[in-house]
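Following: one structure in structure tokens, then a few remarks.
In this note's numbering, the protein residues as written are -3 to 144.
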């Protein structure tokens, strides 16, 4: 689905993996820390409590040695369907990660970032859209390492 408003950034990808494997790659922090973030970034997870009201806190480390603190609170958890969260570090936005089973061997994953402020969304859209695609590239590389 394309972006619906000037407050949203939307990316999706069809992955050649069953939905339970794709969801496991997100819900298991040992896999998630490998693929989360743009190409070349690494992650240090401080907390990952995947439940409504649970916190996710991490530091993203860029290839240039810059560190980016990220904090979110999970809102909705529907295993193998939807994870939604509110980011509490700047920039502030809500995120929905969708998992749609297309058939036994294909899954569509989607990222929807929802901002209160259209101006903030437009500033971030320039780099977030392409960087989300890098996330999907990294996820595809990690999927062979995920056991279900």
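Just so it is clear, CB atoms sit at the ideal spot from N, CA and C, and this is done for glycine as well.
Asked, Found
"Cut-off 8 Å between Cβ atoms - residues of its own chain near residue 98, not counting five sequence neighbours on either side", "10, 104"
"Neighbour-count burial assignment, residue 146, 16 or more Cβ in a 10 Å radius", "This structure gives no information on residue 146, because the portion of the chain shown stretches from -3 to 144."
"8 Å Cβ cutoff met for residue 125 and residue 7", "yes"
"Buried/exposed call for residue 68, threshold 16 Cβ in 10 Å", "buried"
"Which residues DSSP lists as bridging residue 38, in chain order", "57"
"Local Cβ density within 10 Å of residue -3, reported as buried at 16 or more and exposed below that", "Only weak support exists for where residue -3 lies, its pLDDT of 48 falling under 50; the coordinates are left without a value."
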